[in-house]
Amino acid sequence: MPKTTYIIAGDIGGTNSRFALHVPGEKDPLFVHIYPNEEALKDEPVYHLGTLKPYLEKCLAEVEQWKAMGEDALLSQVQIVACLATAGPVKTNNTVFMTNMMGGRTIDGNEIEKCNDGLLSIVVRCKLVNDFVGQGYGALDLDVDEECVELIPGSKAKIDDLGPKVCVGAGTGLGECFLTKSSLSPELGYECYPSEGGHADFVPRDALQVELLDYLKAKFDCPNRISVERVVSGRGLANVYEFLAQKFPDRVDKAIHEEFLNAGDQQGRVVGVNSGKEGSLTAQAAQIMMSAYGAEVGNASLKFIPTGGMFVTGGLTPKNIGLIKGQDSPFMTAYMDKGRLNPLLETVPIFAVMTEDIGLRGSRVCAEREYGAMK
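According to my numbering, the stretch in the sequence shown is residues 30 to 404, in order.
Here it is as structure tokens:
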């Protein structure tokens, strides 16, 4: 008797592990749960025993179909195909070392597949992918009409179903990936590839940004160059504000600056929350970051010519949409400032993605593909 298959999608960051249970072919999850890694792993050195195992047990307690079956029937009649999108470089042996998780933890997809500890024994496939590869596959799951904002009018009508797609997304860091489809076998769909484009060089666009570059080179002891991620990210926003505060001390808001100094790794959030104050250093920092963001997205569009769509993702996109949309916004002004190649950029459909869950959704897409390959 064939087993019933379920899909588990995971979005695994340094701080939290998010899991979603799906019926194959169904976008809406049966059950979603988030585990703070520090709490889940404080007494458990093995990642999947501290997170995925209790998640499966929680599914048994919460999901009606599983509750009706009971544990014994579940173990004999159900199989799980999982995909975990992880914030780290995935090796070819299906493992990843998460440097930003509790001082460093390894996640091993092969060990998860072999594990016979309780409900983990029903996991027959566990594929690991880079977190931004997850974002790329998540872009395939978007409802462009409902979940995206066109940044160039008419972008939806310009999408080429065979054209490359690119995602660039600023959040804690700056991620980039690209997707291609074979014109010879388009039925195979898009394949996503990771990139470290967020670590390409930051190029200043005016005299103040030249000073910013020099400041960051000194701060990070890099005499020749600085990654664009040092400017375009949550941490980057904090770097820009810090530069402005030391350059324009008379404009510093003492209350905000005190909060900033005491915010630890949440300094970027402090700047972002206060960026709506017109004429403030926090507002100027956000404008500089968004200008650099638009310039980098424009660079990616020139390199890949993504006629299938350029998708601006990441947590900072919906939070700063007022600085992104509109032809005169800091983002779009820099995006379109490519000299002789401006007409080319006008042919690229470009969208701001207004949902922040596409990493988890991309994991589901990857798991569905794995399940399809198993049939």
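Heads up, the beta-carbon is just placed ideally off N, CA and C, and yes, glycines get one too.
Option in the options with minimal Cα separation from residue i
i       : options                               : result
Val-341 : Val-197, Pro-53 and Ser-184           : Val-197
Tyr-222 : Gln-238, Gly-204, His-62 and Glu-55   : Gly-204
Leu-59  : Asn-66, Glu-91 and Glu-68             : Glu-91
Phe-137 : Gly-147, Val-162 and Ala-111          : The sequence shown places Asp at residue 137, not Phe. Answer by Cα proximity: Ala-111.
Leu-50  : Leu-310, Trp-95, Ile-350 and Met-130  : Trp-95
Gly-147 : Leu-245, Leu-85, Arg-390 and Ile-350  : Leu-85
Ser-212 : Gly-227, His-228 and Gly-192          : Gly-192
Cys-395 : Tyr-35, Gly-132 and Lys-156           : Lys-156
Ile-379 : Lys-348, Lys-120 and Gly-323          : Gly-323
Met-383 : Asn-45, Leu-273, Leu-245 and Glu-179  : Glu-179
Thr-346 : Ala-315, Pro-372 and Lys-367          : Ala-315
Ser-105 : Ile-285, Ala-114, Lys-248 and Leu-149 : Leu-149
Thr-80  : Leu-370, Ser-214, Gly-39 and Gly-183  : Gly-39
Gly-297 : Asn-253, Lys-276 and Lys-348          : Lys-348
Met-403 : Arg-154, Asp-57 and Ala-114           : Arg-154
Thr-115 : Met-98, Leu-70, Pro-74 and Phe-48     : Phe-48
Asp-235 : Phe-126, Ala-321, Gly-42 and Gly-351  : Ala-321
Asn-159 : Asp-57, Asp-189, Pro-118 and Asn-139  : Pro-118
Asn-406 : Asn-253, Arg-280, Gln-295 and Asp-279 : In the structure displayed, the chain extends from 30 to 404; residue 406 sits before or after that span and is not available.
Glu-220 : Gly-42, Lys-71 and Phe-161            : Phe-161
Coarse secondary structure for residue i, derived from DSSP in three states
i       : result
Phe-333 : helix
Asn-371 : helix
Tyr-219 : coil
Glu-67  : helix
Arg-154 : strand
Met-130 : coil
Thr-80  : coil
Gln-356 : coil
Ser-46  : strand
Cys-28  : This structure cannot speak to residue 28, because the chain is shown only from 30 to 404.
Phe-277 : coil
Cys-112 : strand
Asn-349 : coil
Asn-159 : strand
Lys-140 : One detail in the question is off: residue 140 reads as Glu in this sequence, not Lys. Correct three-state label for Glu-140: helix.
Own chain partners of residue i with C-beta closer than 8 Å, once the 5 adjacent residues on each side are dropped
i       : result
Gln-356 : Thr-362 and Met-365
Leu-242 : Phe-231, Pro-233 and Ile-255
Cys-251 : Leu-245
Ala-168 : Lys-194, Cys-196, Leu-208, Gly-338, Phe-340, Thr-342, Val-382, Ile-387 and Gly-391
Gly-327 : Ala-363, Tyr-364, Met-365, Asp-366, Lys-367 and Leu-374
Rounded straight-line distance, which links the Cα of residue j to that of residue i
i       : j       : result
Phe-207 : Met-339 : 9 Å
Pro-31  : Gly-200 : 43 Å
Lys-354 : Cys-144 : 48 Å
Asn-122 : Lys-306 : 49 Å
Leu-374 : Phe-360 : 14 Å
Glu-399 : Gly-132 : 31 Å
Ala-229 : Gly-308 : 30 Å
Lys-87  : Lys-367 : 52 Å
Met-319 : Glu-240 : 17 Å
Val-377 : Gly-165 : 17 Å
Gly-128 : Ile-317 : Contrary to the premise, residue 128 reads as Thr rather than Gly in this sequence. Distance between the alpha carbons of Thr-128 and Ile-317: 30 Å.
Ile-141 : His-77  : 7 Å
Leu-171 : Lys-276 : 42 Å
Gly-226 : Gly-202 : 11 Å
Ile-181 : Gly-99  : 52 Å
6 Å Cβ shell around residue i - same chain, five flanking residues per side excluded
i       : result
Val-195 : Phe-207, Ala-329, Phe-333, Pro-335 and Met-339
Val-299 : Glu-288, Phe-289 and Ala-292
Ile-109 : Tyr-35, Ile-37, Ile-151 and Val-152
Near the ligand SAM: residue i beta-carbon under 7 Å from a heavy atom
i       : result
Leu-245 : Annotation note on the ligand SAM: not contained in the displayed structure, which lists no ligands.
Cut-off 7 Å between Cβ atoms - residues of its own chain near residue i, not counting five sequence neighbours on either side
i       : result
Val-173 : Lys-185 and Phe-380
Glu-325 : Val-197, Val-257 and Val-261
Val-107 : Lys-32, Thr-33, Tyr-35 and Ile-151
Asn-45  : Ile-63, Tyr-64, Pro-65 and Asn-66
Pro-53  : Thr-34, Ile-36, Glu-397 and Tyr-400
Residue environment, residue i, which counts as buried when at least 16 other CB atoms sit within 10 Å
i       : result
Glu-397 : buried
Lys-248 : exposed
Lys-283 : exposed
Arg-134 : buried
Ala-274 : buried
Ser-214 : exposed
Asn-139 : exposed
Asn-303 : buried
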